[in-house]
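Protein sequence lines, in the order shown, are assigned to chains A and B.
Note that the working numbering numbers the first sequence so that position 83 is 542, with each residue one more than the last.
Note that the working numbering numbers the second sequence so that position 339 is 328, with each residue one more than the last.
Worksheet: one structure, shown below.
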Amino acid sequence: MSKLMPVLSAHWDEKDSFTFAGYKRNGGYKALEKALAMEPDAVIQSVKDSGLRGRGGAGFPTGMKWSFIPQGDNKEHYFVVNADESEPGTCKDTPLLMANPHVLIEGIIIGSYAIRANYAFIYIRGEVAHVIRRMQQAIEDAYKAGLLGKNILGTGFDLELVLHVGAGAYICGEETALLDSLEGFRGQPRLRPPFPAIAGLYARPTIVNNVETVASVPSIIEHGPEWFAAIGTEKSKGYTLYSLSGHVNNAGQFEAPLGITLREILELAGGIRDGHKLKFWTPGGSSTPLFTDAHLDTPLDYEGVSNAGSMLGTKALQIFDETTCIVRAVLRWTEFYKHESCGKCTPCREGTWWLVQILKDLEHGKGTPEDLDKLLDLCDNIMGRSFCALADGAASPIISSIQYFKDEYLQHLTTGGCPFDDEASTKFVTSNVGGVK
Amino acid sequence: MSTQEVSSDVTLELITLTIDGFEITVPKGTLVIRAAEKLGIQIPRFCDHPLLDPVGACRQCLVDIEINGRKFPKPQASCTIPVETGMVVNTQLTSSVADKAQKGIMEFLLVNHPLDCPVCDKGGECPLQNQAMSNGNGESRFDGYKRTFEKPINISAQVLLDRERCILCARCTRFSEEIAGDPFITLNERGALQQVGIYEEKPFDSYFSGNTVQICPVGALTGASYRFRARPFDLVSTPSACEHCASGCDMRTDVRRGKTLRRLAGDDAQVNEEWNCDKGRWAFKYATASDRIKTPMVRGSDGQLHEASWPEALATAAAGLSVSRAAVLVGGRATVEDAYGYSKFARVVLNTNDIDFRARVHTDEERDFLGSAIVGVQVNYSAIDRADHLVLIGFEPEDESPIVFLRAFKQVRKRRLKVTTIAPFTSRGSNKLNAEVVKSVAGNEAQLIAKISGLTSKSVILVGERLCESSGALSATLALSQSSGAKLAWIPRRAGERGALEVGAIGTLLPGGRPVNNASARVDMQSAWGVKSLPENIGRTTSEIIEGLHNGDIDSLLVGGVDPLDISSDAIAGLEKAFVVSLEMRHSAITEIANVVLPIAAVVEKSGSFLDWEGRARAFESAVDVPDLRSDVRILSIIADQMGKPINLPTVAAAAKEFLALGNWDGARAPFTPTSATLISGDTILASWRLLLDAGSLQDGETNLANTAHPSVAVISTDRAEKLGIKTGDSVRVFNERGAITLPCEIKDIENNSVWIPRNSHTSKTIATLGVASGASVSVVKA
């Protein structure tokens, strides 16, 4: 039996899966009717019972987050969806919204109803113009169908949904920076407390959820929390999208119960690029500590990955085979973090500036073995010292890469430069890839 | 949140925690970094500032924290975490993790810092330099390349930004937004290229911009006037007080080799907190202006002033004053001690109550109001902190008493203090205070005041000195205060006016608010001064004194620090026949006609005190010693000796001591007879006030400061603009039979029959040009 479990991606192969008609044909918006007939608190309880945890990286229990919204406070509540998917390797929300934008809308309406919000926002990454257009159309269609706006399905529930396009900053995926940006300010993380559930958008109680999290809600309502809770592992329940990229034969989205292993996914994906073998991979995007082939059987759920020393993150499985230079890969990621550091706090702003310089030198064979100790010490001074988690993400690949591939770093120093053929690792090269020069 | 802000009528919840093994109990809400300070434990910090909201940006203050045995997995920024019961904090002194974290942050901060301390103004008083030594590694491991920027760039005429030195703590931007309400600077770009920037179309023309220079923890922000002038260790600092307005700022004057190089805001939590305005900070070059009078002068038989020896000048002055009916004009800038000298001199030596400190538009209604409701009464800044409603009448705090503005803005920001202002239009300051603007036409304030309702004993009414220009307005205000129980304070513009009132430099009052026409009050003073009698008639006001000089009822004048153009455009015309003794710093229209000119010391050159608008004493010491320049009171005492009627005030200290010993009058105050309002009508009524930065003579010589003055404009209504066929920026001519002022116009929510122009700006001097200040009919045409 296949390990796959397509729920969100069940109909992606249908030509009109992204249309209102296509979504309806496959049973879309039925969960909404069911939810609107429930008490809002019952909806929250269902999500709690399902064991759904945030799919954006941190894995916080979604139902619990929703229950933090103070009720009866006579304040406007806001429901915000984080669609600012920007981390290197992470590519689940973009295809999901391309193929099935209505499942997000349905999840938003249910979530907003549950937390008593009459305004919802989707903060979407500005670069994905095609997704933005498709999402905009879907929202329009939902309005036309009476699923958004006033008196939804005659229940008296009102919801306005706004699609807000970001201007291209990784930091705006951090929920409080996202809120600043949504309010029209420059995106920088806010001091917490107060947490968004107490004072978020415009200082009102606000939920910020990842796209995939919200999109998972309709299935929970439709099939019941028990159904969802029966999927996955003990503390990591449900199904999720694993995004496989890099040196594999069939890259793409693999929707499966939490707890599947990379070995299983690789089997489904036709394995590593022919003639090559796995060298290292990221379990959850570039900000999670690297894994190697020693971790092929690690269950890819929140606890399994954490116990093995990394984080499930966004389940962005970037696969690198033996043609890849670890120093080069880590330097590229670090350059990303330097470029995306918002500048608010010292360790991230100055630390990434410095790390890039050391890694560049190492890549070119300049420096000394002591520079590795310096790198690790700088990472120690960055990790857990910064304002938000972005800098931790910058330090993770460096620390883990030195942990697993210290010799390869040192080899750069002895050979006076990178020992790898940098073309060999490109996706386009399929033959005569020698690996080492 | 600092503890001093906790209002005393709330019972404080106390929290006990342990820091580095020491137990301490502090009020709930105290931040860990503040609690540590109380134990004398200095946690290094940059972005933290007790008066700004916590931001946690620099990460320098990381400490280890556990609460009830549960340890935070990573070190926490102590500037953002409030104390909790059972908290155990380990700073760099007891935690190797915290110590390493701090040293790591310090190393990062220096990565992109140019380390140009040897040529940096801040070197020697630099928190980055100091803390890099105390909490850093000493040597950096960074050997890469630093980011570079063009240095420095002007973010205003007076503030320069060296972006390379900036550590991006956001103190300046937070100050501008949170304290001054002028968010004209902000952080731009991101990562290491993040930088402080201005919006091109809105320069950093905040009245409070200098504070950003003072709180910058590195040398990134420097003042154009001080840059490269001195090293901190070459400066001699003297605590001082500000002479520019009645806000009462505590100050520090820094002098290098006898020359004042800079002035900084002092730290007084009850008054200016740690702030001051740019005028107080940067306007001090008047004291070294080229027209400064340094030697006495006596007018010779040729009609010209000639330099004279002190004995000759003093003797001439004494002789002239001895044989005449003399009056005294003090001006609003005298210190308490000097004003006391003038007050005593008038009574004891000249045997007259003809003395007035009001070198400006003034009325009898005002004089009686001051004697009845203001003298001896204290209303403090803390009343604003606790007010349920703040009412401003004839008072534009941002221009006329900037620290009052800051305090009101703080309360508006923190707890949405309700502010109502009776003003001709919605000013920038009123916008910031989110004030309800009750629109007045200059002169009709009284009827608007009577309509204010809902005040309680916690409400505060602040009236500006210029409210006296509106007949009946002070009477209406007093009635409003009495009927509602609201606190009432009078805010003069000049630093010396409140003190002059208290020492009796006015025709109705003796020192301590003693009415001149009260026999027992006079007996008090007779015994204190050792004289047999004191004049008992009400003395002349400033305008009556000038009138008396014109018509020969008075034939000599002792005058200190008065610009006649502040009173009226022709105040001194024809005064050539009077004998005038002028105590002055710089040449003026008065010294032009004076018979004897006696040089006096500027504020930085003498000791003394002012009473701010609250009635609070603001004492200061001499920062620059100039042997030949003395405080007025010393000169008056010598003249009195020469006239054989000693006042025995040989020093400032003696005057201060004698005045303090008198105490306040506890007898009946003179009853106040309300003045009824006279309705003003006309097609175009003039309104005006002085902008903070204008043509005031104490701002002379400081062009960088002058270049940040708000532009002089004539404010007109939309209706008038339409009728004149003009738009904002077009020139209008405001004129009467005396003269004309041409200014660009700004269209605002002013009444159709009202026009507002600055009172004393370089292109708009209402009294000198039009002969009126406000409430008079003028005409406005397209220029």
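The beta carbon of each residue, even a glycine, is placed where N, CA and C say it ideally should be.
In angstroms, rounded to a whole number, what distance separates the CA positions of residue 78(B) and residue 56(B)?
9 Å
Contact check, residue 752(B) vs residue 701(B) under 8 Å by CB: the rounded distance?
5 Å
Out of 510(B), 317(B) and 523(B), state which residue places its alpha-carbon closest to the alpha-carbon of residue 340(B).
523(B)
Using the Cα positions of residue 767(B) and residue 190(B), report the straight-line distance between them to the nearest angstrom.
33 Å
When the cut-off is 8 Å and only beta carbons count, does residue 729(A) lie next to chain B?
Taking Cβ atoms only, chain B never reaches closer than 8 Å to residue 729(A), which makes this a no.
I'd like to know if residue 846(A) contacts chain B, where contact means its C-beta is closer than 8 Å to some C-beta of that chain.
Yes, contact with chain B.
I want to verify the contact list: residues of chain A whose CB lies under 9 Å from the CB of residue 183(B), in sequence order.
Under the 9 Å cutoff, chain A gives 800, 801, 802, 803 and 808.
Would residue 812(A) count as contacting chain D if we go by Cβ distances under 8 Å?
Absent from the structure is chain D; the protein chains it does hold are A and B.
If you drop the 5 nearest sequence neighbours on each side, which residues of the same chain put their C-beta closer than 6 Å to that of residue 718(B)?
733.
In three-state DSSP terms, what is residue 737(B)?
coil
Examine the Cβ distances between the stretch 85 to 93 of chain B and the stretch 830 to 849 of chain A and report whether three or more of them are shorter than 8 Å.
Yes, the stretch 85 to 93 of chain B is in contact with the stretch 830 to 849 of chain A.
Taking C-beta pairs closer than 8 Å, name the residues in chain A that residue 94(B) reaches, listed in chain order.
805, 806, 840 and 844
In the stretch 639 to 665 of chain A, which residues sit with their C-beta less than 7 Å from some C-beta in chain B, listed in chain order?
650
For residue 90(B), decide whether its Cβ has a neighbour in chain A, counting only Cβ atoms nearer than 8 Å.
At least one beta carbon of chain A lies nearer than 8 Å to the beta carbon of residue 90(B).
Between the beta-carbon of residue 760(B) and the beta-carbon of residue 431(B), is there less than 8 Å?
Not a contact, by the Cβ cut-off of 8 Å.
By Cβ distance below 6 Å, which residues in the same chain neighbour residue 578(A) in space, the five residues on each side in sequence not counted?
537 and 619
Identify which residue in 695(A), 631(A) and 477(A) has its Cα closest to the Cα of residue 599(A).
The shortest Cα separation from residue 599(A) among 695(A), 631(A) and 477(A) belongs to 477(A).
Which chain A residues are close to residue 101(B), counting only those with a beta carbon under 8 Å from its beta carbon?
809 and 812
Which residues in the same chain have their Cβ closer than 6 Å to the Cβ of residue 799(A), if we skip the five residues on either side of it in sequence?
629
According to the Cβ coordinates, are residue 662(B) and residue 461(B) closer than 8 Å?
no
Quick one: what's residue 669(A) bridged to in DSSP?
541(A)
Quick check on DSSP: helix, strand or coil for residue 774(A)?
coil
Should residue 565(A) be labelled buried (16 or more other beta-carbon atoms within 10 Å of its own) or exposed?
buried
Using a C-beta cutoff of 8 Å, does residue 825(A) count as contacting chain B?
no
My output table needs one value for residue 534(A): the three-state DSSP class, helix, strand or coil.
coil
Please look up how many angstroms separate the CB atoms of residue 213(B) and residue 150(B), rounded, as I've assumed it's under 8 Å.
At roughly 11 Å, the Cβ-Cβ gap does not stay under 8 Å, so residue 213(B) and residue 150(B) are not in contact.
Secondary structure at residue 682(A), three-state DSSP: helix, strand or coil?
helix
Name the residues in the stretch 760 to 784 of chain A whose C-beta lies less than 9 Å from a C-beta of chain B; which are they?
none
Please report the straight-line C-alpha distance between residue 803(A) and residue 43(B), rounded to a whole angstrom.
13 Å
Going by beta carbon distance, what residues of the same chain come within less than 7 Å of residue 364(B), once the five residues before and after it are set aside?
490, 491, 498 and 502.
Can you tell me the Cα-Cα spacing of residue 175(B) and residue 187(B), whole angstroms?
The C-alpha of residue 175(B) lies about 6 Å from the C-alpha of residue 187(B).
Which stretch, first to last residue, makes up the alpha helix (DSSP H) that contains residue 581(A)?
Not the alpha helix (DSSP H): residue 581(A) falls in the beta strand (DSSP E), residues 578 to 583.
Note down, in chain order, all residues in the stretch 103 to 115 of chain B with a beta-carbon under 9 Å from any beta-carbon belonging to chain A.
none
Cβ of residue 868(A) less than 8 Å from any chain B Cβ?
With 8 Å as the cut-off, residue 868(A) does not count as an interface residue toward chain B.
Under 8 Å between C-beta atoms, does residue 833(A) make it to chain B?
At least one chain B Cβ lies under 8 Å of residue 833(A).
So, with DSSP's three-state summary, where would you put residue 346(B)?
coil
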